[in-house]
Structure formats: structure tokens, C-alpha cells
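Chemist:
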Amino acid sequence: MEKKQVEAYFEKRVQEAKRQFERTVDCKHTEFDDLYPYMTEQPQFFWYKRYVAWQELLTVVQTAEDMDVSWESIFLEKQADFVKQRVLDAKVLDDWYEEQEKFEEAESKNE
Numbered sequence: 000m001e002k003k004q005v006e007a008y009f010e011k012r013v014q015e016a017k018r019q020f021e022r023t024v025d026c027k028h029t030e031f032d033d034l035y036p037y038m039t040e041q042p043q044f045f046w047y048k049r050y051v052a053w054q055e056l057l058t059v060v061q062t063a064e065d066m067d068v069s070w071e072s073i074f075l076e077k078q079a080d081f082v083k084q085r086v087l088d089a090k091v092l093d094d095w096y097e098e099q100e101k102f103e104e105a106e107s108k109n110e
């Protein structure tokens, strides 16, 4: 594979992992729900699902770094910092969209 193909592949994989994680933050349906449909009634399933999606995101980012593929531009600065810190805690879940929401609010005020 050429370098550009590798970069495009990993950028796509990081975007998919980010989208999957964000769906868990929003408590939306993910591929993981289809694997364990009987678990969706359990409250702890949502936390478990978030940890699985977070780990997938970290794994894909680490692999991209190993292949010298830049991934930071896919995230807001604060989100990239969370990923670099590698720890999923309540602050990550509470603040994941914070900058994006501020940007969207500013945009709507300018219209």
C-alpha cells in the first residue's frame, strides 16, 4: 500500500472509532448493541459500552501513530488531549462536546 492509501485508511478508521465513541456518549445505538441485545436492559451496559468504544478509539489511534499517520486534526483540541491522556473518566464524558457546543452557539448568534 502506498503511504497516501495507508493514511486515508487510518483516517477513516479513526473517524469511525470516534463516531462510535460519540454514539456511546450520546447513549445511541451502536454495533455493540447488536452483539449483546439481551444486555441493553442493564444500566451498567452503557458504561461498559463506552469503555469498549473508548478502547477501540485508543487502539486505532495508537496504530495510526505507529504508522506515522496524523490523527489529531480529526478531533477538537480538547478531545485530542483527552485521547492523549488515555483515561476515560467523567470529565471526558462531560466535556467531550464542550468546545463544539460553544462554537455552535457562537455561530447561531452570528446568524
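Residue 33 in numbering that gives the first Met the number 0 sits at position 34 of the sequence shown, with consecutive numbering throughout. No residue lacks a Cβ here, since even glycine has one placed at the ideal position from N, Cα and C. This structure is a prediction, so every number in the text was calculated from the model and none was measured.
1. Would you mind stating whether residue 9 and residue 58 have Cβ atoms separated by less than 8 angstroms?
2. Taking a contact to mean a Cβ-Cβ separation below 8 angstroms, would you say residue 114 touches residue 97 in this structure?
3. Who are the near neighbours of residue 29 in its chain, counting only those whose CB is closer than 8 angstroms to its CB and skipping five residues on each side?
4. Considering only the alpha carbon of each residue, which of 70, 95 and 2 lies closest to residue 13?
5. Between the C-alpha atoms of residue 31 and residue 46, what's the straight-line distance to the nearest angstrom?
6. Where does residue 46 sit, in a helix, a strand or coil, going by DSSP?
7. First and last residue of the alpha helix (DSSP H) that includes residue 14?
Modeler: Looking at the atomic coordinates:
1. Residue 9 sits at position 10 when you count from the first residue of the sequence shown. Residue 58 sits at position 59 when you count from the first residue of the sequence shown. Against a cut-off of 8 angstroms, the Cβ pair of residue 58 and residue 9 comes out as no contact.
2. This structure does not reach residue 114, given that the chain is present from 0 up to 110, and the question cannot be answered.
3. Position 30 of the sequence shown holds residue 29. Excluding positions up to five away in sequence, the list reads 19, 22, 23, 48 and 52.
4. Walking along the sequence shown from the start, residue 13 turns up at place 14. With distances taken between Cα atoms, residue 13 lies closest to 70.
5. Within the sequence shown, the letter at position 32 stands for residue 31. Within the sequence shown, the letter at position 47 stands for residue 46. About 12 angstroms.
6. As a working note, residue 46 is residue 47 in the sequence shown. The answer is helix: DSSP assigns residue 46 an H, G or I state.
7. Position 15 of the sequence shown holds residue 14. From DSSP, the alpha helix (DSSP H) with residue 14 extends over 2-24.
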